[in-house]
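Undergrad: Could you have a look at this structure, given as structure tokens, before my questions?
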Amino acid sequence: MVRSILLRGFDQEMANKIGEHMEEHGVKFIREFVPTKVERIEEGTPGKLKVIAQSTDGREIIEGEYNTVLLAVGRDACTRTIGLDKVGVKINERSGKIPVSDEEQTNVPYIYAIGDVLEGKLELTPVAIQAGRLLARRLYAGATLKCDYVNVPTTVFTPLEYGACGFSEETALEKFGEENIEVYHSYFWPLEWTVPSRDNNKCYAKIICNIQDNERVIGFHVLGPNAGEVTQGFSAAIKCGLTKAQLDNTIGIHPVCAEVSTSTLTLPSLHYAHFVSQPCILGSPGKMLEIFE
């Protein structure tokens, strides 16, 4: 059951491709509904639960019976009961998150905050560790380096793994303007998928470039096997100012998934004009699906 969109905060084209892949493999999404009540209607292990849900526009109510209900509510910042109000630290009253400067400084100059309690920052353990290290060095070792909250590599371990670093396409359009970004993309077919003839045109990669900055790569997204392993290496290059020309001049290792990020990303997809790499026909007794440009 999805209240609004899949993977909020991530590139929505990639999120939708993940959703499509999961639906094709038997996962059913109930979109734009929220649960309002869960009732146990049968004891035992696993037992049976009835879930009542309402559409987000309030017009429809549905119910269903399930053996297991997992409620993914996200993280809650437990900042309201630790005495921050007594020392004057401001928090977001709705979320409990703490607004800070680019040096993790709260509105009280001698109080700092790091990690998942920060407002508008990624809730990732490696980010909190890095921010803490850099803060300690600035406070006690005379360093000046600040934590980079933009070029953060991360991976969503969905059945079709998704790795990302930098801006999503939506965020890049909002920040830089449509006329100032270019998006290059390509589908690819992993070697390990060829022998069992698994779906082609499912694995996908794209980079988002800032035209005004020598086509510097400001967003990297890959969907496929070992996407996290691929993303980790490219994230270092992005922090070093990687450009599209440098990617084009990089010799790929054949045949690996990361090869798609070199000279094969040549099709501009601005204005969401996407292409498949080649026609593909998938067949089974009594059913055939054609996928083509």
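208 is the number that full-length UniProt numbering gives to position 208 of the sequence shown; each next residue is one higher, with no gaps. Just so you know, even glycine gets a beta-carbon here, dropped at the ideal spot from N, CA and C.
1. Could you please give me the residues that DSSP links to Pro35 through a beta bridge?
2. Run the CB neighbour count on Asp11, radius 10 Å, all protein chains shown included, and call it buried at 16 or more, exposed below.
3. Throw me the rounded Cβ distance for the Ala172 and Ile218 pair, which I believe falls under 8 Å.
4. If we count the other Cβ atoms within 10 Å of its Cβ and call it buried at 16 or more, is Glu13 buried or exposed?
5. Tell me whether His221 sits in a helix, a strand or coil according to DSSP, three-state version.
6. Is it the case that the CB of Arg137 approaches a heavy atom of the ligand SAH more closely than 7 Å?
7. Leaving out the 5 sequence neighbours to the left and right, which residues in its chain are closer than 7 Å to Lys17 when beta-carbon positions are compared?
8. Cβ of Glu63 within 8 Å of Cβ of Val51?
9. Rounded to whole angstroms, what is the Cα-Cα separation between Pro153 and Gly163?
10. Give a yes or no on whether the C-beta atoms belonging to Pro109 and Met22 are separated by under 8 Å.
11. Please state whether DSSP places Lys121 in a helix, a strand or coil.
12. Can you tell which of Asn107, Tyr140, Cys165 and Ala113 has the C-alpha that lies nearest to the C-alpha of Glu128?
13. Since Ile208 and Ile181 are thought to touch, with beta carbons under 8 Å apart, how far apart are those beta carbons, to the nearest angstrom?
14. If the criterion is Cβ atoms closer than 8 Å, does the pair Leu265 and Tyr184 meet it?
TA: This is what the structure gives:
1. Ala53
2. buried
3. Right, the Cβ-Cβ distance comes to about 6 Å (below 8 Å), so this counts as a contact.
4. buried
5. strand
6. Inclusion of the ligand SAH in the displayed structure is not the case, the ligand content being empty and no account of it being possible.
7. Excluding the 5 residues flanking it on each side, Lys17 has same chain C-beta neighbours closer than 7 Å at Tyr204 and Leu223, in chain order.
8. The Cβ atoms of Glu63 and Val51 sit closer than 8 Å to each other.
9. Pro153 and Gly163 have their C-alpha atoms spaced approximately 7 Å apart.
10. no
11. Note: Lys121 maps to coil in three-state DSSP.
12. Correcting the residue type first, residue 128 is Ala in the shown sequence and not Glu. Nearest of Asn107, Tyr140, Cys165 and Ala113 to Ala128, Cα basis: Ala113.
13. 6 Å
14. Against a cut-off of 8 Å, the Cβ pair of Tyr184 and Leu265 comes out as a contact.
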